[in-house]
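J.: One structure is given below, represented as structure tokens, and several questions about it will come after.
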Amino acid sequence: MSILVFIEISEGEIKKSSLEAVSYAAGIGGEVTAIAFGEASQEALAAAGKAGANKVLHVADEKYKQGNIQAYASALAAAVDTTGAETIVLAKSSLGDPVSARLAIKIGASLASNVTELPDTSNGFTVKRSIYTGKAFANVDLTEGKRIIGIKKNAAIIKEDGADAAVEAFAVNAEDADFKVKVTSQEKATGEILLPEADLVVSGGRGLKGPENWGMIEDLAKTLGAATGCSKPVSDMDWRPHHEHVGQTGIKVAPSLYIAVGISGAIQHLAGVNSSKYIVVINKDPEAPFFKAADYGIVGDAFEVVPKLTEAIKAL
Ligand code: FAD
Numbered sequence: 643m644s645i646l647v648f649i650e651i652s653e654g655e656i657k658k659s660s661l662e663a664v665s666y667a668a669g670i671g672g673e674v675t676a677i678a679f680g681e682a683s684q685e686a687l688a689a690a691g692k693a694g695a696n697k698v699l700h701v702a703d704e705k706y707k708q709g710n711i712q713a714y715a716s717a718l719a720a721a722v723d724t725t726g727a728e729t730i731v732l733a734k735s736s737l738g739d740p741v742s743a744r745l746a747i748k749i750g751a752s753l754a755s756n757v758t759e760l761p762d763t764s765n766g767f768t769v770k771r772s773i774y775t776g777k778a779f780a781n782v783d784l785t786e787g788k789r790i791i792g793i794k795k796n797a798a799i800i801k802e803d804g805a806d807a808a809v810e811a812f813a814v815n816a817e818d819a820d821f822k823v824k825v826t827s828q829e830k831a832t833g834e835i836l837l838p839e840a841d842l843v844v845s846g847g848r849g850l851k852g853p854e855n856w857g858m859i860e861d862l863a864k865t866l867g868a869a870t871g872c873s874k875p876v877s878d879m880d881w882r883p884h885h886e887h888v889g890q891t892g893i894k895v896a897p898s899l900y901i902a903v904g905i906s907g908a909i910q911h912l913a914g915v916n917s918s919k920y921i922v923v924i925n926k927d928p929e930a931p932f933f934k935a936a937d938y939g940i941v942g943d944a945f946e947v948v949p950k951l952t953e954a955i956k957a958l
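Okay, structure coming up:
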């Protein structure tokens, strides 16, 4: 089986979620070809081999430097033709989602996003996907024709035992119609770690009593190299900026570690964090619902626990 994986590059490196997609593809079995766009060194791209790719196609054309969804979908369709891929794998993300939808239409493929497990191929090709913000699962049959699979963040373990992959330039016959939307420039709004991409998040809730107490959250986050988040009421009250609001109506995060401080764990908050690999909850109320979703919990006063935790981490 030939599998094509769309890998996303950030600051010259393959994103963690894309390495997960590569390892997922390798787990299916077959010839895994990855495709990447924009600026990245040969060395950075070859690293996809460690995660399980046999080959990496690199579209270095300037036009593909900045995330143009139409252009990516067209180039992926060309790569599907070249590789003869029946299965296309990518990470579910703000870029992966629209690219996969356009690609599905272009190549007439079936599409399942938010997939959490390797397919069951015993009787066709069935994948399990997370639905209703993680509260239920659906098994989806993708046996017929080409298929696109969007992997939920943290759903696959990144392999590290492969050899470097061969990197080949991939030229796409770019059509002007694919560049109707032109990204003229991109800039980060702040120098902070971006919450949707963060691998570590420290988040605070109403239990912190007021904006003046966020110093200890920032201190813990800085010590860990984490992004900061918050619950909805906290941003509604302007204790924290709205771009930090995590949950069903805010940012959905998928870090390796989510530390929730003084957050009760309402269902709307959990909807934004339930893709996290590990959740640590610090709350003074042992009955707080968040403890049911936590991997580790500390029952205690945040004002005592957080500074001690930060000091202990600094001392490591
Ligand atoms: P609280 O519920 O007030 O909880 C504070 C917690 O802090 C308590 O558990 C308390 O025990 C603990 N605490 C108090 N003092 C301390 C201390 N000294 N040390 C340690 N712990 C302490 N919420 C979101 O977060 N994100 C969303 O996207 C979102 N979307 C919503 C959409 C809709 C349509 C609706 C109706 C609600 C939504 N909400 C959302 C709100 C949600 O229902 C909760 O009201 C909210 O998450 C509660 O925020 P909180 O946990 O910070 O505050």
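Residues 643 to 958 in the numbering used here are what the sequence shown lists, from first letter to last.
Beta carbons: idealized from backbone N, C-alpha and C, even for Gly.
#1: Do you know whose CA, among S665, K692 and F648, lies nearest G680's CA?
#2: Bridge partners of A754, per DSSP?
#3: How is the beta strand (DSSP E) around K770 delimited, first residue to last?
#4: Would you kindly check if the distance between the Cβ of L958 and the Cβ of L862 is under 8 angstroms?
#5: Can you tell which of S735, P740 and L745 has its C-alpha closest to the C-alpha of E728?
#6: Compare the Cα-Cα distances from K934 to each of G942, E946, D943 and I921 and report the closest residue.
#7: What is the C-beta distance between S873 and G852, in whole angstroms, given that I count them as a contact (C-beta under 8 angstroms)?
#8: With the cut-off set at 8 angstroms, would you say G907 and K894 are in Cβ contact?
#9: Kindly confirm or deny that the region 701–715 and the region 799–808 touch, where touching means at least three C-beta pairs closer than 8 angstroms.
#10: Ligand 1 and T952: does the residue's C-beta get closer than 7 angstroms to at least one heavy atom of that ligand?
#11: Cα separation between D783 and T891?
#12: Between the C-alpha atoms of P897 and D723, what's the straight-line distance to the nearest angstrom?
#13: Could you check the C-alpha separation between I793 and A663 for me, to the nearest Å?
#14: Verify whether the separation of the beta carbon atoms of I800 and A693 is less than 8 angstroms.
#15: Taking only heavy atoms of ligand 1 into account, decide whether any of them is closer than 7 angstroms to the Cβ of D703.
#16: Less than 8 angstroms between the beta carbons of A869 and A840, yes or no?
#17: Taking DSSP as the reference, what is the three-state secondary structure of L899?
#18: Look at the alpha carbon of K788 and the alpha carbon of I730, and state the distance between them as a whole number of angstroms.
#19: Mapping the DSSP letters down to three states, classify S873 as helix, strand or coil.
#20: Is any non-hydrogen atom of ligand 1 found closer than 7 angstroms to the C-beta of V888, if you look at the structure I gave you?
#21: First and last residue of the alpha helix (DSSP H) that includes Y666?
T.: Reading off the structure:
#1: Closest option to G680, Cα to Cα, is F648.
#2: Answer is I791.
#3: Segment T768 to I773, the beta strand (DSSP E) holding K770.
#4: No; because the gap between Cβ atoms is not below 8 angstroms, this pair is not in contact.
#5: Here the closest residue by C-alpha is L745.
#6: For the residues G942, E946, D943 and I921, the minimum Cα distance to K934 belongs to I921.
#7: By a beta-carbon distance limit of 8 angstroms, S873 does not contact G852. Their separation comes to about 14 angstroms.
#8: Their beta carbons are not under 8 angstroms apart, which means G907 does not touch K894 by this criterion.
#9: No: fewer than three Cβ pairs fall under 8 angstroms.
#10: No, ligand 1 has no heavy atom inside 7 angstroms of this Cβ.
#11: The straight-line gap separating the alpha-carbon atoms of D783 and T891 is approximately 30 angstroms.
#12: Rounded to whole angstroms, the separation of the alpha carbons of D723 and P897 is 35 angstroms.
#13: Taking the straight line joining both Cα atoms gives about 6 angstroms.
#14: Yes, Cβ-Cβ distance for I800 and A693 is below 8 angstroms.
#15: Taking 7 angstroms as the cut-off, the C-beta of D703 does not count as close to any heavy atom of ligand 1.
#16: Yes, the pair counts as a contact, with Cβ atoms nearer than the cut-off.
#17: DSSP, read as helix, strand or coil, puts L899 in strand.
#18: K788 and I730: Cα-Cα distance of roughly 8 angstroms.
#19: Of the three classes helix, strand and coil, the one that applies to S873 here is coil, per DSSP.
#20: At a threshold of 7 angstroms, V888 counts as near ligand 1, since its beta carbon sits closer than that to one of the ligand's heavy atoms.
#21: Residues K658 to I670.
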